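Here's the structure, in structure tokens; my notes come after.
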Amino acid sequence: MNYRHAFHAGNHADVLKHLTLSRILALLGKKEAPFAYLDSHAGVGLYDLQGDQASRTGEYLEGIARLWHRDDLPPALADYLRVVDELNPDGELRYYPGSPELARCLSRPQDRLHVNEKHPEDGRLLKDNMALDRRVAVHLGEGWHLARALLPTAEKRVLMLIDPPFEQADDLERCVQSLNEAIGRMRQAIVVIWYPIKDQRQLKRFYQLLAASNAPKLLRAELYVHPVDNPLGLNGSGLAIANPPWGLEAELLEWLPWLAKQLAQSQGSWQLDWVIEEKKPA
Ligand SMILES: C[S@@+](CC[C@H](N)C(=O)[O-])C[C@H]1O[C@@H](n2cnc3c(N)ncnc32)[C@H](O)[C@@H]1O
1447 MNYRHAFHAG NHADVLKHLT LSRILALLGK KEAPFAYLDS HAGVGLYDLQ GDQASRTGEY
1507 LEGIARLWHR DDLPPALADY LRVVDELNPD GELRYYPGSP ELARCLSRPQ DRLHVNEKHP
1567 EDGRLLKDNM ALDRRVAVHL GEGWHLARAL LPTAEKRVLM LIDPPFEQAD DLERCVQSLN
1627 EAIGRMRQAI VVIWYPIKDQ RQLKRFYQLL AASNAPKLLR AELYVHPVDN PLGLNGSGLA
1687 IANPPWGLEA ELLEWLPWLA KQLAQSQGSW QLDWVIEEKK PA
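Our numbering puts the first residue of the sequence shown at 1447, with every later residue one more than the last.
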């Protein structure tokens, strides 16, 4: 386990993932009934962008820093940027929320959070960062077992994020296995898989597995900062969203093209489509 998210915190991929999470949380929050948030690969929860790891790569400069303190942002970004603002009350961009902190800030007293991190040091930091909030249970186990261990929850509504480091060759397959396990246990669960856009051959196989998954419906949102076939590094990232809440697709259509322009490096673009369309009764 060499991956440390601190090197990448606040980059273009985090912006896509965290902004989309913030919108799903807002849509879930429209109904009073509680929901459970599950994060299988949670990271430390809070990142210091001026710390050794984040400042060594400076990836956030081409991510959150491009949006920070602008006054021409689409309204959909308000919740996400409010969380970042609240972490930086003196107006300098220093702290950045990981997915557990974002979900913690954008959930309500009746909601419950289960966040899991396997790396012992990151797990300890995550525990410290979540310690003051009694709604959050921190688990230090195997992320691939989380759906099996916790679903179904007492809460009828669930949002699960699957965001592994993709250090292992079979991580894309394991994401789909986890998705199938989650949906098998709670058919209505919203499951979000984050994935890197690098190797087109691997992605093709991943899309096939997604299409054959047991998700009742599955939306795919992708944001590219380089041309898709650029042979170097991370060209963009995507989110496979099972059971997206009503309204999310329309929202994404509004702000994803805008975001692709703001975060473009050599060339920005985006894609939004259904991998599995909702099956309508005959
Ligand atoms: C991409 S980062 C998570 C970022 C976080 N979800 C966010 O958005 O702020 C992936 C995390 O998974 C952890 N990890 C790696 N293998 C794991 C496993 N098998 N189970 C649980 N966590 C794991 C890594 O230590 C790392 O912190």
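A virtual CB, placed ideally from N, CA and C, is assigned to each residue, including glycine. If you're wondering where the values come from, they're calculated on a predicted model, not measured in any experiment.
Taking only heavy atoms of ligand 1 into account, decide whether any of them is closer than 7 Å to the Cβ of residue i.
{"i": "residue 1610", "result": "yes"}
{"i": "residue 1697", "result": "no"}
{"i": "residue 1489", "result": "yes"}
{"i": "residue 1526", "result": "no"}
{"i": "residue 1627", "result": "no"}
{"i": "residue 1495", "result": "no"}
{"i": "residue 1483", "result": "no"}
{"i": "residue 1463", "result": "yes"}
{"i": "residue 1590", "result": "yes"}
{"i": "residue 1458", "result": "no"}
Taking its Cβ as the centre, do 16 or more other Cβ atoms sit within 10 Å of residue i, making it buried, or is it exposed?
{"i": "residue 1624", "result": "buried"}
{"i": "residue 1691", "result": "buried"}
{"i": "residue 1699", "result": "exposed"}
{"i": "residue 1716", "result": "buried"}
One question on the structure: do residue i and residue j come within less than 8 Å of each other, judged by their Cβ atoms?
{"i": "residue 1571", "j": "residue 1467", "result": "no"}
{"i": "residue 1437", "j": "residue 1544", "result": "A question about residue 1437 goes unanswered here, because the residues of the chain that appear run from 1447 up to 1728."}
{"i": "residue 1552", "j": "residue 1579", "result": "no"}
{"i": "residue 1512", "j": "residue 1709", "result": "yes"}
For a test of the three-state rule: what should DSSP assign to residue i, helix, strand or coil?
{"i": "residue 1509", "result": "coil"}
{"i": "residue 1612", "result": "coil"}
{"i": "residue 1450", "result": "coil"}
{"i": "residue 1604", "result": "strand"}
{"i": "residue 1640", "result": "strand"}
{"i": "residue 1489", "result": "coil"}
{"i": "residue 1396", "result": "Here the chain has residues from 1447 to 1728 only, and residue 1396 is not among them."}
{"i": "residue 1662", "result": "coil"}
Using 8 Å as the limit for Cβ to Cβ distance, is residue i near chain B?
{"i": "residue 1648", "result": "This model lacks chain B altogether; it includes just one protein chain."}
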